[in-house]
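19 is the number of the first residue of the sequence shown in the numbering used here; add one for each residue after it.
Here the structure is laid out as structure tokens; the discussion comes afterwards.
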Amino acid sequence: MDRVDVAIVGGGPAGSACAVFCAQAGLHTVVLERETFPREKVCGDCLNPACWPVLQRLGIADAVRALPQGKLDTVEFIAIDGARVAIDLPRNENVEIAVKRSLFDDLLLERARAAGAEIHQNAMVTRVEKTRWGDWKLDIVRDKVTAPIVVAADGRNSTVARLRNLLPRPRRERIALQTHIPLPAGFGNRVVLQFLREGYSGQAPVNNEELNLCLVGKAADAERLKTWAIDAFDIAPTHSWRTITPLTRASLGPARDRLFLIGDVARVVEPFTGEGIYYALRSGELAAKAIVAILRNENGEMAVRQFANDHRRIYAGRLWINQLARTAVVWPYVGSAFVRMAKIYPGALRFLTKKIAG
Numbered sequence: 019m020d021r022v023d024v025a026i027v028g029g030g031p032a033g034s035a036c037a038v039f040c041a042q043a044g045l046h047t048v049v050l051e052r053e054t055f056p057r058e059k060v061c062g063d064c065l066n067p068a069c070w071p072v073l074q075r076l077g078i079a080d081a082v083r084a085l086p087q088g089k090l091d092t093v094e095f096i097a098i099d100g101a102r103v104a105i106d107l108p109r110n111e112n113v114e115i116a117v118k119r120s121l122f123d124d125l126l127l128e129r130a131r132a133a134g135a136e137i138h139q140n141a142m143v144t145r146v147e148k149t150r151w152g153d154w155k156l157d158i159v160r161d162k163v164t165a166p167i168v169v170a171a172d173g174r175n176s177t178v179a180r181l182r183n184l185l186p187r188p189r190r191e192r193i194a195l196q197t198h199i200p201l202p203a204g205f206g207n208r209v210v211l212q213f214l215r216e217g218y219s220g221q222a223p224v225n226n227e228e229l230n231l232c233l234v235g236k237a238a239d240a241e242r243l244k245t246w247a248i249d250a251f252d253i254a255p256t257h258s259w260r261t262i263t264p265l266t267r268a269s270l271g272p273a274r275d276r277l278f279l280i281g282d283v284a285r286v287v288e289p290f291t292g293e294g295i296y297y298a299l300r301s302g303e304l305a306a307k308a309i310v311a312i313l314r315n316e317n318g319e320m321a322v323r324q325f326a327n328d329h330r331r332i333y334a335g336r337l338w339i340n341q342l343a344r345t346a347v348v349w350p351y352v353g354s355a356f357v358r359m360a361k362i363y364p365g366a367l368r369f370l371t372k373k374i375a376g
């Protein structure tokens, strides 16, 4: 590979969105993805309504709507003792949906390719260093690339952040397990958030035949969570699960020395809320705007400051929901008590759901 304008490490929603906007602006853009798409990923698979305006600007909203999916018009909260509260979700054209990440991410990456980005899959980055003339140099297995700007979009355990000694110490108190199983009869168009003694379970149909099933709890309770799922959904004990950790770690500044951190690299959010894909898409869009300004010599310092401010604002007013959700997961009896209270005062839960789905 030769010198490019911007090298993006990671081809998920954040990296692909950034690549689309950079390539559309005429920048020589390369995406380095360590895996080969399509591939599944540990995720609740939900796209909340806030995603649709970004998907429209990316030019793929109609293509996403055409993917196999589950339309979600209700969120149901279930307490440990079985108490239930159901809250309606928006039912307009920008409805919340659940779609497999293998399909969604592949569509996004192909959109970046169509926009003019150079895509390299199975490309493992092994070194990220500054050259003496100021460019970044990235070593890849059997190849290398140089660029004035690098974007780290390679997830919560970012290789780029680790190689640059930026990755904070993780909090390893919890683990997520995820799989797809046959859709139970009569499940309906709902997403279920169910509190368990060991943590919680998230459930959402991703098409007419499959259910996304997530389990979150402490690593020591992983087998008990699996046992609950085996009994509740008649899953074979040998069923395969995908796992990921950490679910929480300190946030990182999103821009430094022409290195942009977007998506889960910059800030890992509690998976309970299902907002991660929105944050990824929007942070990729914001980073691209700043990168274009820098490379066009349009007051780069101001562009970086604006990016940092805009990045902070996309989380503003929403992180308290993540903290509330995390508290409810670490202490699930607290979450269950909240559900029971909401049966008497449903306005509180309706407000929480509106903030998550907005």
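Every residue gets a Cβ at the ideal spot worked out from N, C-alpha and C, and that includes glycine.
Fair warning: this is a prediction, and the values are worked out from it, not measured in the lab.
Rounded to the nearest angstrom, the gap between the Cα atoms of A84 and N207 is 17 Å.
Separation of A355 and A97 (C-alpha to C-alpha, rounded to the nearest whole angstrom) is 7 Å. For L265, no alpha helix (DSSP H) segment is defined, and its DSSP state is neither H nor E. Taken through DSSP and simplified to helix, strand or coil, K236 comes out as coil. A contact is defined here as three or more CB-CB pairs under 8 Å, and the stretch 207-219 meets this definition with respect to the stretch 241-258. With contacts defined as CB atoms closer than 7 Å, L156 and A25 qualify as a contacting pair. As for any alpha helix (DSSP H) of minimum length 4 sitting wholly inside the stretch 108-145, the runs are 119-133, ordered along the chain. The stretch 142-162 makes no contact with the stretch 64-78, as fewer than three CB pairs between them are under 8 Å. If you draw a straight line from the Cα of R52 to the Cα of R260, it is about 17 Å long. Relative to the Cα of A170, the nearest Cα in the group A41, D275, C61 and E293 belongs to D275. Note that the C-beta distance between R300 and V72 is below 7 Å.
Within the same chain, no residue comes within 6 Å of G77 by CB-CB distance, once the 5 residues on both sides are set aside. At the C-beta level, D282 and L304 stay beyond 7 Å of one another.
Leaving aside the five residues that flank A101 on each side, the residues in its chain whose CB is nearer than 8 Å to its CB run, in chain order, S354, V357, R358 and K361. Put simply, the backbone Cα of I199 is about 14 Å away from that of V60.
H46 has no beta-bridge partner at all, per DSSP. Here R129 is buried, its C-beta having at least 16 other C-beta atoms within 10 Å. In this model, W154 and R21 are separated by some 10 Å (Cα to Cα). Each residue's CA atom was taken as its position, placing R285 and P202 some 34 Å apart.
I309 has no beta-bridge partner at all, per DSSP. Secondary structure of D106 (DSSP, three-state): strand.
Judged by DSSP secondary structure, W154 falls within the beta strand (DSSP E) whose first and last residues are W154 to I158.
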